[in-house]
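There are 4 protein chains.
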Amino acid sequence: MSKLRVAVLGAQGRIGSEAVRAVESAEDMEMVAGLGRGDKLETLVEAGAQVVVELTNPGAVMGNLDFCVRHGIHAVVGTTGWTDERLAQLRTSLAASPGAGVLIAPNFSIGAVLTMQFAQQAARFFESVEVVELHHPKKADAPSGTAARTAQLIAKAREEAGCAPQPDATSTALDGARGADVDGVPVHSVRLRGLLAHQEVLFGGEGETLTIRHDSLHHSSFMPGILLGVRRVVNTPGLTVGLENFLDLG
Amino acid sequence: MSKLRVAVLGAQGRIGSEAVRAVESAEDMEMVAGLGRGDKLETLVEAGAQVVVELTNPGAVMGNLDFCVRHGIHAVVGTTGWTDERLAQLRTSLAASPGAGVLIAPNFSIGAVLTMQFAQQAARFFESVEVVELHHPKKADAPSGTAARTAQLIAKAREEAGCAPQPDATSTALDGARGADVDGVPVHSVRLRGLLAHQEVLFGGEGETLTIRHDSLHHSSFMPGILLGVRRVVNTPGLTVGLENFLDLG
Amino acid sequence: MSKLRVAVLGAQGRIGSEAVRAVESAEDMEMVAGLGRGDKLETLVEAGAQVVVELTNPGAVMGNLDFCVRHGIHAVVGTTGWTDERLAQLRTSLAASPGAGVLIAPNFSIGAVLTMQFAQQAARFFESVEVVELHHPKKADAPSGTAARTAQLIAKAREEAGCAPQPDATSTALDGARGADVDGVPVHSVRLRGLLAHQEVLFGGEGETLTIRHDSLHHSSFMPGILLGVRRVVNTPGLTVGLENFLDLG
Amino acid sequence: MSKLRVAVLGAQGRIGSEAVRAVESAEDMEMVAGLGRGDKLETLVEAGAQVVVELTNPGAVMGNLDFCVRHGIHAVVGTTGWTDERLAQLRTSLAASPGAGVLIAPNFSIGAVLTMQFAQQAARFFESVEVVELHHPKKADAPSGTAARTAQLIAKAREEAGCAPQPDATSTALDGARGADVDGVPVHSVRLRGLLAHQEVLFGGEGETLTIRHDSLHHSSFMPGILLGVRRVVNTPGLTVGLENFLDLG
Numbered sequence: 001m002s003k004l005r006v007a008v009l010g011a012q013g014r015i016g017s018e019a020v021r022a023v024e025s026a027e028d029m030e031m032v033a034g035l036g037r038g039d040k041l042e043t044l045v046e047a048g049a050q051v052v053v054e055l056t057n058p059g060a061v062m063g064n065l066d067f068c069v070r071h072g073i074h075a076v077v078g079t080t081g082w083t084d085e086r087l088a089q090l091r092t093s094l095a096a097s098p099g100a101g102v103l104i105a106p107n108f109s110i111g112a113v114l115t116m117q118f119a120q121q122a123a124r125f126f127e128s129v130e131v132v133e134l135h136h137p138k139k140a141d142a143p144s145g146t147a148a149r150t151a152q153l154i155a156k157a158r159e160e161a162g163c164a165p166q167p168d169a170t171s172t173a174l175d176g177a178r179g180a181d182v183d184g185v186p187v188h189s190v191r192l193r194g195l196l197a198h199q200e201v202l203f204g205g206e207g208e209t210l211t212i213r214h215d216s217l218h219h220s221s222f223m224p225g226i227l228l229g230v231r232r233v234v235n236t237p238g239l240t241v242g243l244e245n246f247l248d249l250g
Numbered sequence: 001m002s003k004l005r006v007a008v009l010g011a012q013g014r015i016g017s018e019a020v021r022a023v024e025s026a027e028d029m030e031m032v033a034g035l036g037r038g039d040k041l042e043t044l045v046e047a048g049a050q051v052v053v054e055l056t057n058p059g060a061v062m063g064n065l066d067f068c069v070r071h072g073i074h075a076v077v078g079t080t081g082w083t084d085e086r087l088a089q090l091r092t093s094l095a096a097s098p099g100a101g102v103l104i105a106p107n108f109s110i111g112a113v114l115t116m117q118f119a120q121q122a123a124r125f126f127e128s129v130e131v132v133e134l135h136h137p138k139k140a141d142a143p144s145g146t147a148a149r150t151a152q153l154i155a156k157a158r159e160e161a162g163c164a165p166q167p168d169a170t171s172t173a174l175d176g177a178r179g180a181d182v183d184g185v186p187v188h189s190v191r192l193r194g195l196l197a198h199q200e201v202l203f204g205g206e207g208e209t210l211t212i213r214h215d216s217l218h219h220s221s222f223m224p225g226i227l228l229g230v231r232r233v234v235n236t237p238g239l240t241v242g243l244e245n246f247l248d249l250g
Numbered sequence: 001m002s003k004l005r006v007a008v009l010g011a012q013g014r015i016g017s018e019a020v021r022a023v024e025s026a027e028d029m030e031m032v033a034g035l036g037r038g039d040k041l042e043t044l045v046e047a048g049a050q051v052v053v054e055l056t057n058p059g060a061v062m063g064n065l066d067f068c069v070r071h072g073i074h075a076v077v078g079t080t081g082w083t084d085e086r087l088a089q090l091r092t093s094l095a096a097s098p099g100a101g102v103l104i105a106p107n108f109s110i111g112a113v114l115t116m117q118f119a120q121q122a123a124r125f126f127e128s129v130e131v132v133e134l135h136h137p138k139k140a141d142a143p144s145g146t147a148a149r150t151a152q153l154i155a156k157a158r159e160e161a162g163c164a165p166q167p168d169a170t171s172t173a174l175d176g177a178r179g180a181d182v183d184g185v186p187v188h189s190v191r192l193r194g195l196l197a198h199q200e201v202l203f204g205g206e207g208e209t210l211t212i213r214h215d216s217l218h219h220s221s222f223m224p225g226i227l228l229g230v231r232r233v234v235n236t237p238g239l240t241v242g243l244e245n246f247l248d249l250g
Numbered sequence: 001m002s003k004l005r006v007a008v009l010g011a012q013g014r015i016g017s018e019a020v021r022a023v024e025s026a027e028d029m030e031m032v033a034g035l036g037r038g039d040k041l042e043t044l045v046e047a048g049a050q051v052v053v054e055l056t057n058p059g060a061v062m063g064n065l066d067f068c069v070r071h072g073i074h075a076v077v078g079t080t081g082w083t084d085e086r087l088a089q090l091r092t093s094l095a096a097s098p099g100a101g102v103l104i105a106p107n108f109s110i111g112a113v114l115t116m117q118f119a120q121q122a123a124r125f126f127e128s129v130e131v132v133e134l135h136h137p138k139k140a141d142a143p144s145g146t147a148a149r150t151a152q153l154i155a156k157a158r159e160e161a162g163c164a165p166q167p168d169a170t171s172t173a174l175d176g177a178r179g180a181d182v183d184g185v186p187v188h189s190v191r192l193r194g195l196l197a198h199q200e201v202l203f204g205g206e207g208e209t210l211t212i213r214h215d216s217l218h219h220s221s222f223m224p225g226i227l228l229g230v231r232r233v234v235n236t237p238g239l240t241v242g243l244e245n246f247l248d249l250g
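First to last, the protein sequences are chains A, B, C and D. For the first sequence, UniProt numbering gives the first residue as 1, with consecutive numbering after it. For the second sequence, UniProt numbering gives the first residue as 1, with consecutive numbering after it. For the third sequence, UniProt numbering gives the first residue as 1, with consecutive numbering after it. For the fourth sequence, UniProt numbering gives the first residue as 1, with consecutive numbering after it.
Right, here's the structure in full:
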């Protein structure tokens, strides 16, 4: 079987350089080009790249993807900053190049994506649910974007199933003790030296609890998801948003 | 909306008496009969029972179900001891009474069932997986039946996905340190005063781990699953084995 | 060896009736009297009680202890409502009866007491520390009294050691996300159906975390601490406040 | 206040180079010399080193320490391979140089040392105790040395307190399910991609459990303990074995 010919855009960045190593280590892939700031996109065509891993920045990503789509190169995109306008623009350019596939994912950690999927599936079966996320103390926002998104997905699943509000007899509380309220789901943010990124979703019902915990201990946790995206995007024309669409769950 | 008319067989047992209370507390159900040893099954017909919760023993269950099926009464069955022969016999009697539905479930804890389902879904995405189950010290078997079953389901999912064997460089080990081998999945059994029934499935991949933990803190944890079964079995003719079939996952 | 002669005051209450069973099960104790509302304290003398377990209510406890101390009967006290005035009054009555010993403990769970002790010992070695407590959803106060007390003890230990404030770069936060501030220690309160009483103290330093977790799964968790108190109070004249004084730690 | 003048032996090794950075970052220390293979020990004297951090190998450590002790330079030693003979030899050389202090520690992680200390303190209060250690899958031995040592210390504390054997009704078990037996304490070893080094000590008693968990997420976790050793060894003449002696616990 011939190997997939893969290029990395943003190859000198922290995540980009890990992506280069990950592609080089994958037995079914060949690393054909690593482009940094100032390198010409034509190199991708000359190198015969079939798939590009796009890890640059919001200022560069639209131009890069436009080039790739026009040349029939598939793309797996970790760059952020997506708006409805940008997604519409990308869809338009994909419509003109029907063979090309693009995967945009806000999170390439398979563990984080599965946590959100399982949390949605479990949401309607339990009376109580809370989210605890734990991160290093240099983090600026609380709760984390992943935790807020998880709580929103849980709240939506509960609403669709017609769940009653969560039981909570708290009548005397210190400010903040019961966490932040995200669509009715309490979210608690712990900041602790020594940690990286961790999240626990706790469900409680009559006589039992179910806990789904994701621990990200190293930034390399994004690599298996990126490689999975590369393998799948070549057979998935058009735009796909979210790695969960490639996990064949359920 | 009229309430579901529910009867309990084995109503004086530990689980049975909890089931009676659970049915009585459910707003959409009416408890119409609770039968114990020696009570006549005809009572079920006289009471107009639509669903029976069968919590007796392997010696009584076949006769009870035969009666129910013949009288068009649906059944949710927690009694154990099912063999292929028994299942075949039950299917035959159901074939002659096409409206009746029977749910047999080895585990009515929704948390335990979801743990197994999620573990199967996650299995093919991680290089490593181990199971740790923790129970009270009066338990006779190790590992628990649920843990062994969970490990088997994980192993099957990994095999179907073509996963490589788990990495493990252990070259010097004390006997037992690496747990029991269940189809290639290490299973560890902890016995601790103060615990009831707990299970953790730990998945590990590049830079991240995913943990699914189920804690059963009281035997009442079976009740929500039994009630869910009652609500669903009335619209599910024929034989269903496993509560997971009623959870509409994925 | 002769057995310790023990009586229980408040023997019909929920904790009291468990205490009666615990004393009856202890090989080195003899249950000589169980008194309820309206029973005469003279029974204690007639029964030859050496130690009383006092589990009544704030309205009754002072009279009960005054009687015990005057008659040279030792006491292990779980009743709450202690003020500086009440403690002073008790010390005065003990001064007049120098052989008698009284143990008052706000918490008889050995696990809870050890958690607080270890948390104080560890406090000065880590840059970060937070407390997460998890309880059933019928609890009225948040955080729990034990969690608040634990945070205060940690804060005091850090202050005495001259620790710097905890690192925390949070600049954008939803209300409540970072928990309640108890003397500079964030405390988070989770309320979940299925739980009883649980507490986690998380310490974080360069490259590592230390977690001390206490799970109370049944109210019987107070019994080993009560029995330990009974055994020790007979040799500890005067007033002792806090079970930790009988644990011979460090 | 003048800064402590610190040198590192084995400065080019993985741990050694981190130690150099840690000393450089410490406000109360000055990094005066970093020696590698082939560098002359006289450099230590020329640089005016007061304390040496010894991170070389068993073949070099005795000569290095002999030099330090003779020149009145204190030492904090992470190198392994200590035998009774070696310790005796070191004590002899220290006796001839009474001002010098040497700290040898098998583990410089404060979290790991506290875990062992707390586990010993808690051991006699609970009926049940087991150890679960979790490491990356490249680890050769199972259980880890730290877990085995922890179990031995727990067993010793239980024996000294006259504790009964642990309750365990297991009558049917798969080989290995109940872990390795280390002096009567079951120890379970999990090997999982994504992990570094983690250990849980689980205690169980009537109605409650106490869990002490240490997570080492990065090798830098040794640095706070090494720096603490440097600060304390200058005022602690003679030989000290074990970082716990510098933690002023209890």
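Here a beta-carbon is modelled for each residue, glycine too, at the ideal position from N, C-alpha and C. On a predicted model such as this, the values are computed, not experimentally measured, just so you know.
Check                                                                                                                     : Outcome
Cβ pair residue 53(D), residue 119(D) closer than 8 Å                                                                     : no
C-beta neighbour in chain C for residue 190(A), strict 8 Å                                                                : yes
Residues that DSSP places opposite residue 29(A) in a beta bridge                                                         : 4(A)
Buried/exposed call for residue 172(A), threshold 16 Cβ in 10 Å                                                           : exposed
Where residue 115(A) falls: helix, strand or coil (DSSP)                                                                  : helix
Contact with chain D by residue 196(A), beta-carbon distance below 8 Å                                                    : yes
Spatial distance of residue 164(A) from residue 209(A) (CA atoms)                                                         : 18 Å
Where the beta strand (DSSP E) through residue 206(B) begins and ends                                                     : Careful: residue 206(B) lies outside any beta strand (DSSP E) and carries neither H nor E.
Limits of the unbroken beta strand (DSSP E) element including residue 233(D)                                              : That residue, residue 233(D), is in no beta strand (DSSP E); its alpha helix (DSSP H) goes 223-233.
Per DSSP, the bridge partner or partners of residue 216(A)                                                                : 197(A) and 208(B)
Endpoints, alpha helix (DSSP H) assigned at residue 42(A)                                                                 : 42-46
Buried/exposed call for residue 204(A), threshold 16 Cβ in 10 Å                                                           : buried
Within-8 Å CB hit, residue 134(B) to chain C                                                                              : no
Below-8 Å beta-carbon distance, residue 125(B) vs any chain A residue                                                     : yes
is_contact[residue 206(C), chain D] using C-beta, thresh 8 Å                                                              : yes
For residue 229(A), the nearest candidate out of 114(A), 247(A), 37(A) and 90(A) (CA to CA)                               : 247(A)
Min CB distance residue 247(D) to chain E below 8 Å                                                                       : Looking for chain E here will not work: the only protein chains present are A, B, C and D.
Contact residues within the stretch 164-180 of chain C, judged by C-beta distance below 8 Å to chain A                    : 166, 167, 168, 169, 170, 171, 172, 173, 174, 175, 176, 177, 178, 179 and 180
Where residue 58(C) sits in the DSSP three-state scheme                                                                   : helix
Contact between the stretch 116-134 of chain A and the stretch 185-201 of chain A (3+ Cβ pairs under 8 Å)                 : yes
Cβ neighbour criterion (16 or more within 10 Å) applied to residue 99(D)                                                  : exposed
N- and C-terminal bounds of the alpha helix (DSSP H) containing residue 13(C)                                             : Here residue 13(C) belongs to no alpha helix (DSSP H), and DSSP marks it neither H nor E.
Cβ of residue 4(D) within 8 Å of any chain C Cβ                                                                           : no
Limits of the beta strand (DSSP E) - the one that residue 103(A) falls within                                             : 101-104
Check whether residue 44(A) and residue 33(A) have beta carbons under 8 Å apart                                           : yes
Burial state of residue 139(C), where buried means 16 or more other Cβ atoms lie within 10 Å                              : buried
Cβ pair residue 251(D), residue 143(B) closer than 8 Å                                                                    : Only positions 1 to 250 of chain D appear in the structure, and residue 251(D) is not among them; the question remains open.
Residue from 107(B), 85(B) and 72(B) whose Cα sits closest to the Cα of residue 96(B)                                     : 72(B)
Selected residue, minimal CA-CA separation from residue 222(B), among 106(B), 177(B), 9(B) and 184(B)                     : 106(B)
The stretch 170-190 of chain C touching the stretch 175-191 of chain A, judged by at least three CB pairs closer than 8 Å : yes
Simplified DSSP assignment, three categories, for residue 93(D)                                                           : helix
Same chain, Cβ closer than 8 Å to residue 28(B), neighbours up to 5 away in sequence not counted                          : 1, 3, 4 and 231
Contact list for residue 96(C) against chain A, beta-carbon separation under 9 Å                                          : None at all; the shortest Cβ gap to chain A is about 40 Å.
Rounded Cβ spacing between residue 104(B) and residue 241(B) (contact assumed at less than 8 Å)                           : 5 Å
Candidates 249(C), 227(C) and 145(C), of which the one nearest residue 51(C) by Cα                                        : 227(C)
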